[in-house]
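Per the numbering used here, the very first residue in the first sequence carries number 42; after that it's consecutive. Down below is the structure, laid out as structure tokens.
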Amino acid sequence: MIKITLPDGSAREVESGTTPGDIAAAIGPGLAKAAIAARVDGELYDIMRPLERDVQLALITARDEADALELARHDFAHVLAEAVQALFPGTQITFGPATDDGFYYDVMAPASCGPFTTDDLPAIEAKMREIIRADKPLRREVWSRADLIAKWDADGEVFKAEWAKELPENEELTVYWSGDANDPTAWLDMCRGPHLASTGKLDPDAFKLTRVAGAYWRGDQKNAQLTRIYGTGWLNKKQLNAHLTMLEEAAKRDHRRLGQEMDLFHMQHEAQGSVFWHPHGFTIWRELESYMRRAIDDGGYNEIKTPQLMDVRQWEQSGHWGKYAENMFAVPDIVPDGEDGSPKIAEDAAWMAMKPMNCPAHVLVFKQGIKSYRDLPLRLYEHGCCHRNEPHGALHGLMRVRQFTQDDAHIFCREDQVVEEVRKFCALADRVYKDFGFTYHVKLALRPEKRFGSEADWDKAEQELRDAVAEAGMANDDYGWEELPGEGAFYAPKLEWHLTDAIGRTWQVGTIQGDRVLPERLDASYVGEDGGRHRPVMLHRAIFGSYERFIGILIEHYAGRMPVWLAPVQAVVATIVSDADPYAETVMAKLKAAGIRVQSDYRNESINYKVREHSVGKVPHILVIGKREAEEGKVAIRTLGSQGQRIMTVDEALAMLTEEASAPDLRGGMI
RNA sequence: GCCGCUGUAGCUCAGUGGUAGAGCGCGUCAUUGGUAAUGACGAGGCCGGGAGUUCAAUUCUCCCCAGCGGCACCA
Numbered sequence: 042m043i044k045i046t047l048p049d050g051s052a053r054e055v056e057s058g059t060t061p062g063d064i065a066a067a068i069g070p071g072l073a074k075a076a077i078a079a080r081v082d083g084e085l086y087d088i089m090r091p092l093e094r095d096v097q098l099a100l101i102t103a104r105d106e107a108d109a110l111e112l113a114r115h116d117f118a119h120v121l122a123e124a125v126q127a128l129f130p131g132t133q134i135t136f137g138p139a140t141d142d143g144f145y146y147d148v149m150a151p152a153s154c155g156p157f158t159t160d161d162l163p164a165i166e167a168k169m170r171e172i173i174r175a176d177k178p179l180r181r182e183v184w185s186r187a188d189l190i191a192k193w194d195a196d197g198e199v200f201k202a203e204w205a206k207e208l209p210e211n212e213e214l215t216v217y218w219s220g221d222a223n224d225p226t227a228w229l230d231m232c233r234g235p236h237l238a239s240t241g242k243l244d245p246d247a248f249k250l251t252r253v254a255g256a257y258w259r260g261d262q263k264n265a266q267l268t269r270i271y272g273t274g275w276l277n278k279k280q281l282n283a284h285l286t287m288l289e290e291a292a293k294r295d296h297r298r299l300g301q302e303m304d305l306f307h308m309q310h311e312a313q314g315s316v317f318w319h320p321h322g323f324t325i326w327r328e329l330e331s332y333m334r335r336a337i338d339d340g341g342y343n344e345i346k347t348p349q350l351m352d353v354r355q356w357e358q359s360g361h362w363g364k365y366a367e368n369m370f371a372v373p374d375i376v377p378d379g380e381d382g383s384p385k386i387a388e389d390a391a392w393m394a395m396k397p398m399n400c401p402a403h404v405l406v407f408k409q410g411i412k413s414y415r416d417l418p419l420r421l422y423e424h425g426c427c428h429r430n431e432p433h434g435a436l437h438g439l440m441r442v443r444q445f446t447q448d449d450a451h452i453f454c455r456e457d458q459v460v461e462e463v464r465k466f467c468a469l470a471d472r473v474y475k476d477f478g479f480t481y482h483v484k485l486a487l488r489p490e491k492r493f494g495s496e497a498d499w500d501k502a503e504q505e506l507r508d509a510v511a512e513a514g515m516a517n518d519d520y521g522w523e524e525l526p527g528e529g530a531f532y533a534p535k536l537e538w539h540l541t542d543a544i545g546r547t548w549q550v551g552t553i554q555g556d557r558v559l560p561e562r563l564d565a566s567y568v569g570e571d572g573g574r575h576r577p578v579m580l581h582r583a584i585f586g587s588y589e590r591f592i593g594i595l596i597e598h599y600a601g602r603m604p605v606w607l608a609p610v611q612a613v614v615a616t617i618v619s620d621a622d623p624y625a626e627t628v629m630a631k632l633k634a635a636g637i638r639v640q641s642d643y644r645n646e647s648i649n650y651k652v653r654e655h656s657v658g659k660v661p662h663i664l665v666i667g668k669r670e671a672e673e674g675k676v677a678i679r680t681l682g683s684q685g686q687r688i689m690t691v692d693e694a695l696a697m698l699t700e701e702a703s704a705p706d707l708r709g710g711m712i
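Here it is in structure tokens:
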């Protein structure tokens, strides 16, 4: 007999081998039907898996949504693999987990039919529904490693066999059958589980296969490329539809689409991965730049500007040429050739490289003149324009570009100032993100495999960041505090700020890194109180990350409806009849004088047309002026997102617009 | 860089082995109007680039380039 303790504290004595499903049935028929899995001593268990020792047991139903979704998605993944193998014999299966919104399965299509395409998805979906409707029981079995390897070898499942062979010698492996023992279509996968009791527990109308993509076996570029089939999966059709609606919403917010509709910027292949900012887009940029300048002035930074090109030897010394050359653009020293007029690379040409980062140049500025401990902390800031030769497949709108401008600064400080400087940065970043209406999580990326510096330096650098975050009161769940092993930069661990936008997506933007490597490599020093030379610590930090990316995030976050202070056009003065134009011109003059970005629309078009066009153009306020307003000295304001209009005097409108058009830091409040 | 898909007018997209169409936008004219599209007419295209098959290629084949979805990468 074993003892099962339930969440309410009650305990039951049952035979060893009793399953959670049996216990649910003993409690009541309703629960027996609803229970889909169990949590046994904190671990997820199949409802049909025998219990063999004293345990704490909690039954899981669809009400435990996170667990239920995870189970369902994992099952969908298995059904997907089963369907693909049923339809395309010879397909090899590998691995198929649940994801944040669904599932995927990586398969190797048989050589005869080549990689799967989206055209194959409808047939696979239909087969999946068939499997679900067949309500095949899912049976867990424990196999020896040797038996399983034999099975995979016999079936020609190269990837599964490789995986099993790498597991520890004596490990017992779990497999799941889909279908009972005498079912000729029974299908087997090696899997940790857990799974639902049968395929029929899934809702056949609660999933959709969404796309296919290439993925490397075990995530390594050197390995075979598999076909990954993605699906989204839910507990019921309603949830699925809600998700599909959210995806549509995200598509509507796509900054590439809005960027074109709002005439903010464009890109073209002659400057692949680089942005042509149009007047409207660059207006947003200028506002952000001004905002950031005020913030750094406030924070005690000094703004500088450093060269775009430096001799490659400089990059060798900083270590970038060794670790980062594949992402750098190198430029030969070209001299004109007098003979035929064509440019020619000199034999002994010096090679220059475009800067991919600003840090070495900032150290060079620091090194000019002798620095005393009294000069520290020295905070050097730059709107640093960097070029990185990103892989073609990585480029994505404004989010991943080859030329971008960072709000980059390096703080040179003494060892004893590090924690305080990081803490101050946390406060500054907090203020900035809140001004844009973001919430955020903070994570600490720890030492990567490829790295510079001693273990002791890394220990210290990591601990400092931990301490500073603790002092800033952010090392807790409210801030999603988490440590990420192996994800730091090659020269330093980094704190990362992950913003959550208006529809719940997250974006990594801000960062601060404590670096002792670069000051050493470039021999930066200051004179201490003791008269001796000391190494400063260098903190790399950014809040927006890059202007390009941050603007992309803002466009999606606000769905193009920028707050008034950032809106490229803050107001349009639109007349109904041309008789009102002269009066409208006086209104324009007043708004312009007050610094409002206002445009007039005196075109020979209906007011309906004008209102529609500027609404679609996401102008925050339309000031409509007809005969009445002209006679009464008023304006009729229609605000984006609202149906009605407000009639007010020009001065009232001016006061309102002026208030809304001022940046949040100048208003002393949040937007 | 890897896998898959896509590339036709400024934009969104139809279409065809016999050198092209719609809507929006743009231009002209009429219309002076009251809060999300006034009407008529008109001008726009090397059908991504190159090669091949063919009497004939925007259409079929191959190679490039770019974009999109992922993977890998993101110092």
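C-beta atoms are modelled at their ideal positions from N, C-alpha and C, and glycine is treated no differently. Values in this document were obtained by computation on a predicted structure and should not be read as measured data.
- Secondary structure of P48 (DSSP, three-state): coil.
- DSSP places P138 in the coil class of the three-state scheme, outside both helix and strand.
- Note on D500: under 16 other CB atoms within 10 angstroms of its CB, so exposed under the neighbour-count rule.
- A Cβ-Cβ separation of about 58 Å leaves V216 out of contact with A336 under the 8 Å criterion.
- Distance check between S641 and each of K263, D389, P245, A625 places A625 closest, using alpha-carbon atoms only.
- The DSSP-derived three-state label of N343 is strand.
- In this structure, the beta-carbon distance from M393 to A371 falls below 9 Å.
- By the C-beta density criterion, R114 is buried, having at least 16 other C-beta atoms within 10 angstroms.
- Where F466 is concerned, the enclosing alpha helix (DSSP H) starts and stops at 459-476.
- Counting only residues of its own chain and dropping the five nearest sequence neighbours on each side, R94 has a CB closer than 7 Å to the CB of I43.
- For P48, same chain residues with a beta-carbon under 6 Å away, outside a window of 5 residues either side, are A99 in chain order.
- At the C-beta level, L419 and P609 stay beyond 9 Å of one another.
- DSSP places C426 inside the beta strand (DSSP E), whose first and last residues are 419-428.
- Under the DSSP assignment, M287 falls outside any beta strand (DSSP E), being part of the alpha helix (DSSP H) whose first and last residues are 278-294.
- Rounded to whole angstroms, the gap between the alpha carbons of E523 and S703 is 36 Å.
- Taking the Cα positions, N645 is about 14 Å away from E654.
- Distance from G667 to T690 at the Cβ level is roughly 15 Å; contact not present, criterion being Cβ atoms closer than 8 Å.
- Beta bridge pairing from DSSP links R180 with W218.
- Among the bridge pairs identified by DSSP, M333 is matched with none.
- Beyond the five residues adjoining it in sequence on each side, G363 comes within less than 8 Å, by CB distance, of E357 in the same chain, given in chain order.
- Taking 9 Å as the cut-off, the beta carbon of G360 is found closer than this to the beta carbon of V558.
- Fewer than three Cβ pairs drawn from the region 257-269 and the region 551-569 lie within less than 8 Å of each other, which leaves the two stretches out of contact.
- In this structure, F306 is the residue among E210, R334, S331, F306 with its C-alpha nearest to the C-alpha of F323.
- Taken in chain order, the unbroken stretches of beta strand (DSSP E) that lie wholly in the region 114-160 and span 3 residues or more are 133-136, 143-149.
- In the structure shown, E171 falls within a helical segment according to DSSP collapsed to helix, strand and coil.
- The bridge partners DSSP lists for Y599 come to none.
- By DSSP's assignment, P397 forms no beta bridge with any residue.
- When C-alpha distances from E503 are compared across E528, Y481, K177, the shortest belongs to E528.
- With respect to the 9 Å criterion, D449 and N517 are not classified as neighbours on the basis of their beta carbons.
- Rounded to whole angstroms, the separation of the alpha carbons of D508 and A75 is 47 Å.
- Leaving aside the five residues that flank E182 on each side, the residues in its chain whose CB is nearer than 6 Å to its CB run, in chain order, V216.
- A direct Cα-to-Cα measurement between D230 and G62 gives close to 23 Å.
- Under the 10 Å beta carbon count, F493 is surrounded by 16 or more other beta carbons and is classified as buried.
- By DSSP's assignment, M42 forms no beta bridge with any residue.
- From the listed residues T552, D542, E311, D244, the smallest Cα separation to Q447 is found for T552.
- By the Cβ test, the region 474-488 is not in contact with the region 418-432, since fewer than three Cβ pairs between them sit closer than 8 Å.
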